[in-house]
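All residue numbers for the sequence shown refer to my numbering, where the first residue is 205 and numbers rise by one. Notes for the one structure printed next.
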Amino acid sequence: PDGRKTIDTRWVFAKKFNERGEVIRFKARLVARGFQQQEGIDYNETFSPTGRMKSLKTLLAISAERDYEMKQIDFNTAFLNVKLDEEIFVKLPQGYKCEQPGSVLRLVKAIYGTKQASRGWWLELDAFLKDKLSYQSSPLDECLYWKHVNGYTIFVALYVDDMVGFFTRQ
């Protein structure tokens with residue numbers, strides 16, 4: 205649109221190797237060049253909390269002492285599920301063929317590299333844990349959650365797009 209700046213994108217390619225050093229998968233990721241975003245136009249707020257190492261180390265020590273169960277989750281493509289509040293326009297990726305010159309794409313969801321992707325992911329996960337699953341967050345670490353359910357105490361620690369859960373019988 206007139207008067208709006210578009211953000212460049214670029215492809216990032218990677219290879220995944222097995223333990224013998226053999227290529228097992230090729231990966232391609234389209235990323236926005238977020239440093240081109242303008243505050244107040246392309247984004248408003250970017251801060252997203254990250255779990256404290258002290259909280260995680262404390263939970264690990266307690267779980268080792270008390271023999272808690274522990275599960276780790278890495279959310280694949282976490283930031284790609286974040287709905288955007290702002291209108292962000294990006295240039296067509298290299299290799300994308302379009303018959304209309306000057307066409308751009310409007311992002312509906314975040315992509316890697318956008319400044320608000322991490323915050324949006326944390327806001328959605330925080331709301332899900334609190335509103336849908338009835339977890340409470342710690343007043344000392346807003347990325348540490350807990351609840352009691354069916355005789356279990358469950359702790360959840362978040363770190364960017366990773367989550368570690370600890371649980372035990374009361």
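Virtual Cβ for every residue (Gly too), placed ideally from N, Cα, C.
Residue i - DSSP class collapsed to helix/strand/coil
i       : result
Phe-311 : The sequence given here places Leu at residue 311; Phe does not occur at that position. Leu-311 falls in the strand class under three-state DSSP.
Leu-217 : The sequence shown places Phe at residue 217, rather than the Leu named in the question. Note: Phe-217 maps to strand in three-state DSSP.
Lys-258 : helix
Phe-239 : helix
Arg-229 : strand
Assigned exposure category for residue i - 16 Cβ within 10 Å defines buried
i       : result
Ile-211 : buried
Gly-299 : exposed
Tyr-247 : buried
Ser-338 : exposed
Ala-232 : exposed
Ser-227 : Residue 227 is actually Val in this sequence, not Ser. Classification of Val-227: exposed, given that the 10 Å Cβ count is below 16.
Ile-292 : buried
Gly-317 : buried
Thr-213 : buried
Met-257 : exposed
Lys-319 : buried
Strand pairing of residue i, partner residues [DSSP]
i       : result
Ala-265 : The partner list for Ala-265 (beta bridge, DSSP) is empty, contrary to what the question assumes.
Thr-357 : His-352, Thr-372
Asp-366 : Asp-278, Tyr-363
Ile-211 : Val-294
#### Entry: Within the stretch 268-355, ranges of the beta strand (DSSP E) (whole runs, at least 3 residues)
273-278, 287-295, 308-313, 348-353
### the stretch 263-271 / the stretch 331-345 touching (three or more Cβ pairs under 8 Å)
no
### Task
Would you be able to state if there are at least three C-beta pairs under 8 Å between the stretch 249-257 and the stretch 272-286?
no
### Task
Flag this pair as touching only if the stretch 319-330 and the stretch 212-227 have three or more C-beta atom pairs under 8 Å; answer yes or no.
no
### Task
Assess, as a yes-or-no matter, whether the stretch 284-304 is touched by the stretch 330-337 under the definition of 3 or more beta carbon pairs within less than 8 Å.
no
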